[in-house]
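Written out below as C-alpha cells is the structure these notes cover.
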Ligand code: ATP
C-alpha cells in the first residue's frame, strides 16, 4: 500500500546542551545532547520522573528551555511558538473532540488551515485507511475502543504532515494486547510515511519493538543512545542494564584491560577475559552483567564458568521458563530458557549444574 499522503519531508532534530529547570534548584533536564536523524523512529526511555516528557514538551514548545538549543534541519526553533513549529504531539489521553465524528476530528486541523474540500476529503480518507479506521468515519469517539481512539488521534496529527511527530506514552492507557497491536501499526505507519517519530515511554519492550534507536534517561541526563541490540547487549552502566532487562550481577576484580575487554577474577568462579565498557583501573572492582538467558542449566558443552547449585524456584512463564539456582556461597543466579529446552529432571531442592561463557558477560564500571 502506498502512502496516499507523503510527508513534506521528514526533518532531523538536534538537541544541543538542552536544559530545563523548574525553579532555581530543580533541574529536570540536564544538558541533553542528541541528534535524531530525519525519518528515524527514536524513543526516549527511562523511569517515571527522569525528564522524558519535559524534553518532549520543550521540542513541542509547550515548555520553555532554560538554556540550550533545539534545531530542526539545522534551524533553531527553541524560541518559536508551538504553532510555528512543524511538529505535532500525540498524547496518552487522545484529547479528541467528543461531539465530533471520527471524520470531523481528523479533518479539524485541515479545515482550520482552510484546505479545500477535495483535499480534505482525500487526505482524511487516506489517513483513516492507513490507521485501519476506514468505514468508521461517522462514529463518535465514545463509540470506539481505546485503541481506535488513539488511532483517530494519530490520524488527526498525521493528516497535517508534521515533519516530526512527538508521541508521549500514547499507548499507556491500553491493555497489553491492544498495545502490541498498536505497536505494529505505529511502526508500519511510521515506515510508510517516513516521518521522524520521537516516542516517550518507560516500557523497554515497547521501545525496542518499534525504534531504530533509543536514548536512556536517568535523572535528567541522557546516559546512552544506541540501537536496541546495542543498548541491550552493551549497556553503558548498571542502571541502563537493569532498565532494559533482567540481569544477574556479579562482583569482579579487574586485573587488566585492553581493546574493550577486561581481565577479571570473579570470586568463587574463576578468571576470564570479558567484554565491557567504562573506565576501570587495574585492581578496582567492577560489576559483571550476566543476562538470565545466557545461563545454561546442565550445559551440554564445556563452559568458561560453571558450578553446581540448588534449584530454588522454577517459574513457567509460557514460552520461557525462569529458574533460580542458589550457589554454595549464598548468591543466587537466575536462568531463563525456552520452556521446551528445560531439562525434564529439574526439580526444586535438587542439585543442578549451571554454566556460562565469558563472551556472554558484560562488564560495567561501578
Ligand atoms: P513520567 O513518565 O512520570 O511523565 P518523565 O520522565 O516524563 O516521567 P517528567 O514529566 O519530564 O518526567 O518530569 C520530570 C520531573 O520534573 C518530575 O520530577 C516532575 O515532578 C517535574 N516537573 C514536571 N513538570 C513540572 C512543572 N511544571 N513544575 C515543577 N516540576 C515539574
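Numbering (this note's numbering), first residue to last: 70 to 435. Cβ coordinates follow ideal geometry from the N, Cα and C atoms, glycine included.
query, result
"Inter-stretch contact (C-beta, 8 Å, three-pair minimum) for the stretch 363-376 and the stretch 334-341", "yes"
"Residue 194 - containing alpha helix (DSSP H), residue span", "186-199"
"Where residue 395 falls: helix, strand or coil (DSSP)", "strand"
"Pairwise C-alpha distance: residue 186 and residue 99", "46 Å"
"CA nearest to the CA of residue 158, picked from 190, 109, 225 and 170", "225"
"Alpha helix (DSSP H) segment containing residue 421, residue limits", "Not the alpha helix (DSSP H): residue 421 falls in the beta strand (DSSP E), residues 420-425."
"Backbone CA spacing between residue 78 and residue 190 [nearest angstrom]", "22 Å"
"For residue 81 and residue 105, believed in contact at Cβ under 8 Å, the rounded distance", "6 Å"
"Three-state class that DSSP yields for residue 71 in the structure shown", "Only weak support exists for where residue 71 lies, its pLDDT of 33 falling under 50; the coordinates are left without a value."
"Which residues DSSP lists as bridging residue 215, in chain order", "DSSP lists no partner for residue 215."
"Local conformation of residue 326 per DSSP, three classes", "strand"
"Bridge-paired residues (DSSP) for residue 371", "In DSSP, residue 371 forms no bridge with anything."
"Span of the alpha helix (DSSP H), counted from its first residue to its last, around residue 152", "Segment: none, residue 152 is in no alpha helix (DSSP H) and carries neither H nor E."
"For residue 140, the nearest candidate out of 264, 86 and 277 (CA to CA)", "86"
"Own chain partners of residue 214 with C-beta closer than 8 Å, once the 5 adjacent residues on each side are dropped", "247"
"Residue 206 versus residue 170: straight-line alpha-carbon distance, rounded", "7 Å"
"Sequence-distant residues of its chain with Cβ nearer than 8 Å to residue 117 (five each side left out)", "271"
"CB contact flag (residue 279, residue 113, <8 Å)", "no"
"Beta-carbon proximity of residue 304 to residue 431, cut-off 8 Å", "yes"
"Pair within 8 Å by beta-carbon distance, residue 178 and residue 229", "yes"
"Paired residues, beta bridge with residue 412 - DSSP", "Beta-bridge pairing links residue 412 to no other residue."
"Spatial distance of residue 133 from residue 149 (CA atoms)", "10 Å"
"Endpoints, alpha helix (DSSP H) assigned at residue 125", "121-129"
"Segment contact, 8 Å Cβ cut-off, at least three pairs: the stretch 342-359 with the stretch 377-390", "no"
"Test item: CB-CB of residue 259 and residue 110 under 8 Å", "yes"
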